[in-house]
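Here it is, written out as structure tokens:
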């Protein structure tokens with residue numbers, strides 16, 4: 016009898032451990048934040064607006080002022096997340112898009128820098144993105160989380 | 128009586144014992160050195176000693192209290208010092224990070240700015256063309272039927288974004304022309320009896336071969352064309368200005384225009400016949416507004432020299448070309464739709480110049496005349512034109528359907544002679560001189576394409592079969608310009624930078640003199 020009680024209790028404990036344990040890995044590692052310099056005259060952007068901006072279908076902030084864009088380095092995790100979640104393109108599709116835009120309108124892709132947070136911190140009217148896990152509060156304002 | 132009897136000896140015994148004790152004590156005391164009883168010592172000294180001992184004790188107690196207090200304070204100070212050190216260490220770390228940030232700020236800003244100062248890029252293509260027509264076919268006038276490789280495009284772009292709102296672009300096209308350009312054909316008339324007549328005009332072709340006198344190497348000089356060159360000022364999305372030579376903002380093909388961008392290798396009839404001018408020199412106001420985050424509306428207003436034999440260099444009349452572009456776009460991740468129109472009107476004038484000198488009978492200059500020296504501008508051809516284009520495109524999950532149409536009306540004020548080739552197709556003889564009447568022209572095409580889904584492991588590869596039908600009559604009253612053409616082919620992009628095209632075209636002309644024609648075209652287009 017005692018043995019059965021022991022077994023039953025152990026199984027309750029173990030079951031509680033598996034049910035109640037925290038989700039592995041915590042938050043999604045590809046969660047992206049769209050960040051902007053505090054001088055930017057908007058407080059929120061939709062995913063489609065961000066897409067249009069980074070594809071240079073929109074080039075100015077409402078009320079004037081050129082949007083200063085920065086991309087993360089090609090091949091970086093934040094760049095891959097941005098391509099998937101915002102642009103809906105992989106790396107080669109994005110390259111193909113910019114080859115077309117160069118010939119049609121002479122447009123070139125946004126410049127790439129190694130640290131987008133520092134870039135946004137330093138340049139007025141700038142817009143970029145980074146992984147939420149790497150975002151340092153106070154360095155820029157967040158316009159969208161994906 | 129009895130009790131007293133016992134009490135008395137008990138008392139006695141007690142007295143004895145105490146005495147004994149007292150005697151013993153006295154004996155003990157006697158054994159010791161005689162101590163000075165305090166009551167027997169100097170009262171003042173005793174008092175001083177007592178006071179001294181008390182003072183020492185109280186001072187000792189005070190010192191102990193002070194030591195304890197100071198120990199506490201030292202402990203607190205040590206604790207504070209430990210916290211301060213920790214804070215100092217954190218501040219030093221932050222300072223180091225800020226110094227790094229400051230150093231990198233300059234790098235980031237310069238990084239971003241330098242990547243946009245000047246860009247050089249371009250495209251070129253290598254085509255293989257093979258016509259399938261008789262060796263005597265009229266199509267030999269355009270290209271002989273034997274297969275040929277050709278560099279059909281070689282364009283270099285120079286682009287700079289000088290400030291946030293000011294940019295410039297130049298697109299330069301290099302060509303092997305004019306070397307090899309045919310300027311004149313021999314002409315022969317044949318009569319039913321077999322006799323012939325010729326105007327004795329020799330066949331002529333441009334030859335730009337030159338020899339370097341030092342190396343003695345022969346080479347052919349080619350040409351350079353400025354496709355576009357203009358300044359762009361864009362203070363707002365809704366308002367921008369272009370000044371210079373710009374591509375006419377109509378349709379789809381004229382904007383896309385580069386061989387790596389367009390799907391087929393063949394250019395539509397309505398584009399190469401220039402039912403609307405390919406480019407204009409002047410000013411353009413343009414802008415884009417966003418009613419929603421998926422829909423945007425474009426406009427462009429053009430003011431230019433319009434068309435003319437030298438419009439890129441100088442306009443030969445006062446009248447300017449005016450155009451208006453309107454376009455609506457729905458842009459989503461998997462579905463894109465747009466539709467637009469462009470309306471244009473302008474005057475075309477060609478002139479010749481004549482210098483007139485007033486002379487006296489003795490051939491000296493007559494300076495008394497009203498205009499001793501004059502240069503007359505004599506128009507040789509003039510018309511006003513009206514044109515309108517329409518374009519539409521759907522792109523959904525890899526399926527592309529696009530169509531363009533242009534209608535053009537030309538009203539002459541000075542009719543030119545009809546081109547001999549056109550006159551012949553209209554039934555003129557070799558000696559007839561016909562004048563070009565007013566005309567309508569149009570062109571329309573429909574393109575259907577589907578980008579095949581490919582496994583992810585195939586990487587950047589894109590395979591797009593397409594079919595492309597068009598109907599055109601660039602000058603409706605000239606039979607030779609009325610054609611139907613259908614092209615089917617495959618567009619393959621093994622990488623974003625290389626496009627391979629293979630297509631076959633079958634054409635039917637309304638004129639029985641032209642007949643049908645077929646051709647094969649292969650093309651490799653490279654963008655860099």
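Chains as they are written, first to last, in the working numbering: chain A, 16 to 161; chain B, 128 to 655.
We put the beta carbon where it would ideally sit given N, CA and C, even for glycine.
For residue 66 of chain A versus residue 122 of chain A, is the C-beta spacing smaller than 8 Å?
-> Annotated as distal: residue 66 of chain A and residue 122 of chain A, with beta-carbon spacing of 8 Å or more.
Meets three-Cβ-pair contact criterion under 8 Å: the region 635 to 642 of chain B and the region 246 to 258 of chain B | No contact exists between the region 635 to 642 of chain B and the region 246 to 258 of chain B.
Cβ-Cβ distance between residue 541 of chain B and residue 508 of chain B below 8 Å = Yes; because the gap between Cβ atoms is below 8 Å, this pair is in contact.
Give a yes or no on whether 8 Å exceeds the smallest Cβ distance from residue 373 of chain B to chain A.
-> Not an interface residue.
If you draw a straight line from the alpha carbon of residue 300 of chain B to that of residue 415 of chain B, how long is it in whole angstroms?
-> Their Cα atoms are separated by approximately 29 Å.
By DSSP, does residue 190 of chain B sit in helix, in strand, or in coil?
-> The DSSP-derived three-state label of residue 190 of chain B is helix.
Residues near residue 664 of chain B by beta carbon distance below 6 Å, same chain, minus five either side | No answer is possible for residue 664 of chain B: the residues shown for chain B start at 128 and end at 655.
Along chain B, which residues have their Cβ under 7 Å away from the Cβ of residue 110 of chain A?
-> For residue 110 of chain A, the C-beta contacts it makes with chain B under 7 Å involve 623, in order along the chain.
Report the residue ranges of all alpha helix (DSSP H) runs contained in full by the region 370 to 417 of chain B; include only those spanning at least 4 residues, in chain order.
-> List check, alpha helix (DSSP H) in window: 380 to 383 and 396 to 399.
By a C-beta neighbour count over all protein chains shown, 10 Å radius and 16 as the cutoff for buried, is residue 610 of chain B buried or exposed?
-> That one is buried.
Give me the Cβ distance between residue 409 of chain B and residue 434 of chain B, rounded to the nearest whole Å; I'm assuming they're in contact under 8 Å.
-> Contact doesn't hold; Cβ gap of about 12 Å is too wide.
Could you run through the region 458 to 469 of chain B and flag, in chain order, every residue whose CB is less than 8 Å away from some CB of chain A?
-> So the close ones are 458, 459, 460 and 461.
Could you tell me which residues DSSP puts in a beta bridge with residue 474 of chain B?
-> In the DSSP secondary-structure assignment, residue 474 of chain B is bridged to B/511.
Anticipated Cβ contact below 8 Å, residue 525 of chain B with residue 577 of chain B, distance rounded = With a beta-carbon spacing of about 6 Å, residue 525 of chain B and residue 577 of chain B fall inside the 8 Å limit used to define contacts.
Can you name the start and end residues of the alpha helix (DSSP H) that residue 107 of chain A belongs to?
-> Residue 107 of chain A -> alpha helix (DSSP H) spans 106 to 120.
Just checking, does the region 417 to 431 of chain B make contact with the region 154 to 161 of chain A on the three C-beta pairs under 8 Å criterion?
-> Contact between the region 417 to 431 of chain B and the region 154 to 161 of chain A is absent, because fewer than three Cβ pairs lie under 8 Å.
Candidates B/652, B/245 and B/608: closest to residue 625 of chain B by CA position = For residue 625 of chain B, the nearest C-alpha among the options comes from B/652.
Using a Cβ-Cβ cut-off of 6 Å (strictly less than) and excluding sequence neighbours within five positions of residue 279 of chain B, which residues of its own chain qualify?
-> Excluding sequence neighbours, residue 279 of chain B sits near 252 and 254.
Using a Cβ-Cβ cut-off of 8 Å, state whether residue 103 of chain A counts as contacting chain B.
-> Yes - at least one Cβ of chain B is within 8 Å of the one on residue 103 of chain A.
Cut-off 6 Å between Cβ atoms - residues of its own chain near residue 532 of chain B, not counting five sequence neighbours on either side | Only 517 and 571 meet the Cβ criterion.
Should residue 420 of chain B be flagged as near chain A, meaning a C-beta pair shorter than 8 Å?
-> Using a Cβ-Cβ cut-off of 8 Å, residue 420 of chain B counts as an interface residue toward chain A, since at least one Cβ of chain A sits closer than that to its own.
Give the secondary structure of residue 534 of chain B by DSSP, where H, G and I count as helix, E and B as strand, and everything else as coil.
-> For residue 534 of chain B, the secondary structure class from DSSP, reduced to helix, strand or coil, is strand.
Cα separation between residue 135 of chain A and residue 214 of chain B?
-> Roughly 29 Å between the two C-alpha positions.
Below 6 Å CB to CB, which residues in the same chain sit around residue 116 of chain A once its five sequence neighbours on both sides are set aside?
-> The residues are 122.
Where does residue 592 of chain B sit, in a helix, a strand or coil, going by DSSP?
-> Here residue 592 of chain B sits in strand by DSSP.
Unbroken beta strand (DSSP E) runs of length 3 or more, entirely within the region 322 to 352 of chain B: which are they?
-> Runs found: 323 to 325, 336 to 338 and 345 to 347.
Proximity of residue 656 of chain B and residue 646 of chain B at Cβ, strictly below 8 Å = One cannot answer for residue 656 of chain B here, as it falls past the ends of chain B, which runs 128 to 655.
With 16 as the cutoff for other CB atoms within 10 Å, does residue 70 of chain A come out buried or exposed?
-> Per the 10 Å Cβ criterion, buried.
Within 10 angstroms of the Cβ of residue 381 of chain B, are there 16 or more other Cβ atoms? Answer buried if so, exposed if not.
-> Buried.
Could you tell me the distance, in whole angstroms, from the CA atom of residue 606 of chain B to the CA atom of residue 565 of chain B?
-> Taking the straight line joining both Cα atoms gives about 14 Å.
Close beta carbons around residue 124 of chain A, own chain, < 6 Å, minus the five adjacent residues each side | Correct list, in chain order: 113.
Exposed or buried, residue 402 of chain B, counting other C-beta atoms within 10 Å across all chains shown (16 or more means buried)?
-> Looking at its Cβ environment, which holds 16 or more other Cβ atoms inside 10 Å, residue 402 of chain B is buried.
Exposure label - residue 333 of chain B; buried when at least 16 CB within 10 Å | Counting Cβ neighbours within 10 Å, residue 333 of chain B comes out exposed, since fewer than 16 surround it.
Is it true that the CB of residue 363 of chain B sits closer than 8 Å to the CB of residue 75 of chain A?
-> Here residue 75 of chain A is near residue 363 of chain B, since their CB atoms are less than 8 Å apart.
3 or more residues per run - each beta strand (DSSP E) lying fully within the region 419 to 484 of chain B | 422 to 431, 448 to 458 and 462 to 484, all fully within the region 419 to 484 of chain B.
Please list the partners that residue 81 of chain A has in chain B, where partner means a Cβ-to-Cβ separation under 7 Å.
-> Contact note: residue 81 of chain A reaches chain B through 291 and 292, using a C-beta cutoff of 7 Å and chain order.
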